[in-house]
Ligand SMILES: Nc1ncnc2c1ncn2[C@@H]1O[C@H](COP(=O)(O)OP(=O)(O)O)[C@@H](O)[C@H]1O
Ligand SMILES: Cc1ncc(COP(=O)(O)OP(=O)(O)O)c(N)n1
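In our numbering, the protein residues as written are 19 to 292.
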């Protein structure tokens, strides 16, 4: 068997629910060999972000060269990139190493409000990274900042998806986690021609830390395995749905999702918590 490999370029979450840690757990659960290039270290737990310590762009570049020159990822995903300098490095290296299966999760602000991308880096993401993306996965507030428009209705989400496809991104998924709590969790997928709506019941829980990271890592894992973007996105939706439903309920605040749940359900395990 030739193992497929995926690289995450993201920040570290000491609490283990989001960032690099969520990505690697997701890759592993979906049968993909995980690699990482760190952009920042965060001191973080279920209560919030206590500190952000970005790496120098040069340190990110060296990590990308180390992986690019030797291991050769089958898919790459980006998460917290923090600064315009790091965004540019990632875009340059993605082109240099011809990383076509690129999933861009444009992480900007943690759920507790801590900034994970400098404001001046938003335009850098739009101009340099999105044109290289196979899939871009903003949540609603991120889609608003990327497109400069207010999004409250489904029609506005569709309009934002149209604008994002115009940047060059091949597939756009505007996730519905931040929509009204009375609505189901609907993710809007646009391929430049047609819209698809991935819908699941909204789970009433505060334990949704790292949902976006986990979802986009699952998309990258699917692409690494050679699945179509549609299939990778559909599986990612099932993966995150199971991970939220079977929450681990750890920590005193917004806890992480359960990365074991999807595979445990597939195996037919009775109690889905480890
Ligand atoms: N309470 C919830 N119930 C069901 N699915 C959810 C819930 N919250 C988020 N999701 C799903 O989790 C994924 C990540 O969405 P979202 O929370 O919007 O991203 P982010 O973590 O980037 O803010 C999406 O597939 C979304 O539909
Ligand atoms: C290091 C790090 N990266 C990304 C995030 C954001 O995670 P996300 O899945 O978008 O959502 P929340 O965890 O903020 O709910 C993070 N917190 N830390």
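Glycine included, C-beta positions come from ideal geometry on N, C-alpha and C.
- Message: What I want to know is whether the C-beta of residue 286 ends up closer than 7 Å to one or more non-hydrogen atoms of ligand 1.
- Response: Residue 286 has its Cβ no nearer than 7 Å to any heavy atom of ligand 1.
- In angstroms with no decimal places, state the Cα-to-Cα distance between residue 20 and residue 252. Between residue 20 and residue 252, the C-alpha separation is close to 24 Å.
- Message: Just to confirm, is the Cβ distance from residue 126 to residue 163 under 8 Å?
- Response: Yes.
- Item | Buried versus exposed call for residue 71 [16 or more other C-beta atoms within 10 Å across all chains shown] | Around the C-beta of residue 71, fewer than 16 other C-beta atoms lie within 10 Å, and the residue is accordingly described as exposed.
- Task: Report all residues from its chain with a CB closer than 7 Å to the CB of residue 261; omit the five preceding and five following residues, and keep chain order.
- Result: Closer than 7 Å at Cβ, skipping near neighbours: 232, 275, 276, 277, 279 and 280.
- Whole angstroms is fine: what's the gap from residue 174's alpha carbon to residue 197's? Here the alpha carbon of residue 174 sits roughly 12 Å from the alpha carbon of residue 197.
- May I ask you to report which of helix, strand or coil DSSP gives residue 213? Residue state, collapsed to three classes: strand.
- Task: Just mark residue 168 as buried or exposed, buried being the case when its beta carbon has 16 or more other beta carbons within 10 Å.
- Result: That one is exposed.
- Message: Less than 7 Å separating the Cβ of residue 220 from some heavy atom of ligand 1?
- Response: Indeed, a heavy atom of ligand 1 lies less than 7 Å from the Cβ.
- Hey, how far is the Cα of residue 257 from the Cα of residue 30? Those two C-alpha atoms are separated by around 21 Å.
- N- and C-terminal bounds of the alpha helix (DSSP H) containing residue 166: In this chain, residue 166 is not harboured by any alpha helix (DSSP H), its DSSP state being neither H nor E.
- Task: Could you tell me if the beta carbon of residue 43 falls within a distance shorter than 7 Å of some heavy atom in ligand 1?
- Result: Residue 43: no, Cβ never under 7 Å from ligand 1.
- If you draw a straight line from the C-alpha of residue 96 to the C-alpha of residue 24, how long is it? Here the alpha carbons of residue 24 and residue 96 stand approximately 11 Å from one another.
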